[in-house]
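Accompanying notes for the structure given below.
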Ligand code: DGP
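Numbering (this note's numbering), first residue to last: 284 to 397.
See the structure below:
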């Protein structure tokens, strides 16, 4: 698995604005926010994308998803809501091959996405 920009963010080689970290996940602000709140959450155990979830145990997946929920709550988004996005592959416009959940909120979002 080749090293990605998110590997470097996790190691501290590339700076990021951290919003939350525990033993299992790291959350940081997206460099190109699509909304007033736009945070990326990665599991510390790397897989390349959503299609590779089988590479994590059910416990690890649970910790990741629960972590995403916790971060969204700590960002103050629970009341008004938010969107979670996993971009996968070319058609999904995934640009970084390290699985990441986008937490997007802080304004009224529209549907469907483009
Ligand atoms: P995706 O298209 O799902 O692969 O989204 C990757 C996101 O990563 C995109 O919204 C921009 C963000 N991003 C790319 N490079 C950096 C970086 O160096 N720092 C931060 N904070 N975010 C980045």
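Backbone N, C-alpha and C fix where the C-beta goes; we use that ideal spot for every residue, glycine too.
Hey, is residue 376 close to the ligand DGP, as in C-beta under 6 Å from one of its heavy atoms? yes
Decide if the segment 325-338 is in contact with the segment 374-385; the criterion is three or more beta carbon pairs, one per stretch, under 8 Å apart. yes
Three-state secondary structure assigned by DSSP to residue 304: strand
My output table needs one value for residue 297: the three-state DSSP class, helix, strand or coil. coil
Name the one or two DSSP bridge partners that residue 323 has. 311 and 385
Specify whether the segment 341-353 and the segment 295-308 touch according to this definition: at least 3 beta carbon pairs, one from each stretch, less than 8 Å apart. yes
Do you know whose CA, among 345, 314 and 358, lies nearest residue 288's CA? 314
Starting from the C-beta of residue 390, find all residues in its chain whose C-beta is less than 6 Å away, skip the five residues before and the five after it, and write them out in chain order. 318 and 319
Looking at residue 355: is its Cβ nearer than 7 Å to the Cβ of residue 386? yes
With a cut-off of 8 Å on the beta carbons, I'd call residue 322 and residue 358 a contact; round off their distance for me. 6 Å
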